[in-house]
């Protein structure tokens, strides 16, 4: 599937979202008139008119093969948002046999080993697992799929998964696997991209071997979709956190910017509209379930 990303379309979307929030009383007349004037300016901006980009949607196996070399480099803001809450939950659980499902480079596996757990990490990307083995020599790492985990029935006290379930088209089979491998009373801790963030374009960007723009296949699951998938397999929720989009403190861009930093640099072009559209919007969902 080819995605067509047009910067003008994104900017108009931000303006429209901001105007809808004004329509329900969050902003005044001056704000509304400023947004309408800004929409007119954007429509007249010739630099935006022909700037659309065709983007390939690629699988997680192919995508993480490309991303593995740079995945742990500074700049992934999601790491700063999920770890405080995940650590707080983990600190309240006893050490045991843990599974890091879709473990990537072993970020959560390291947190588990540090807390005394016996850890198995599973991921579909051999390249990411190579990084994980270097990072966390005290854990075991296996190639596998979230929908068919290479772990025995009722063999785990804890399952964790970070920033992965949004890549699954259907949450049902994933939660069924989590329930299968858990012992009675076991825990599941999940951090994932919030559907609000995905709707605003928070999808990893990559360049293919030929330089073609690409994004990892990502699906927008509602909050209720996680809950329904969990309840269907006997997992009961103990906690749900919706971490909101942090206010940006960085300098605002004054030009279109390269595709790799879309949509964030696009939001910089219309800062008032972006702040209004993103106010209170979810960045991450963090869940704690118990079997």
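In full-length UniProt numbering, the protein residues as written are 1 to 291.
Yeah, the Cβ is synthetic: ideal placement off N, Cα and C, and Gly gets one too.
Quantities reported herein were computed from a predicted structural model and do not represent experimental measurements.
Note on residue 105: 16 or more other CB atoms within 10 angstroms of its CB, so buried under the neighbour-count rule.
Apart from the 5 residues on each side of it in sequence, residue 4 sits with its Cβ closer than 7 Å to the Cβ of 52, 54 in its chain, given in chain order.
Residue 115 and residue 283 have their alpha carbons spaced roughly 27 Å apart.
Segment contact: the segment 147-166 against the segment 176-187, three or more CB-CB distances shorter than 8 Å; contact assigned. Of all alpha-carbon atoms in 256, 278, 270, 269, the one lying nearest the alpha-carbon of residue 50 is that of 256. DSSP lists no bridge partner for residue 22. Judged by DSSP secondary structure, residue 64 falls within the alpha helix (DSSP H) whose first and last residues are 60-67. According to the DSSP assignment, residue 186 belongs to the beta strand (DSSP E) that extends over 182-193. If you draw a straight line from the Cα of residue 130 to the Cα of residue 201, it comes to about 29 Å. No Cβ-Cβ contact shorter than 8 Å links residue 120 with residue 138. Sixteen is the threshold: since fewer than 16 other Cβ atoms of the shown chains lie within 10 Å of the Cβ of residue 37, the residue is exposed.
C-alpha of residue 11 to C-alpha of residue 42: approximately 8 Å in a straight line. Per DSSP, the continuous beta strand (DSSP E) segment holding residue 287 begins and ends at 282-290. Of the residues assessed, residue 92 falls on the exposed side of the cut-off, its CB having fewer than 16 other CB atoms within 10 angstroms. Under the three-state reduction of DSSP output, residue 222 falls in the coil class, being neither helix nor strand.
Between residue 132 and residue 162, the C-beta spacing is not below 8 Å. For residue 233, the closest C-alpha among the options 146, 265, 171 is that of 171. Annotated three-state conformation of residue 110 is helix, per DSSP.
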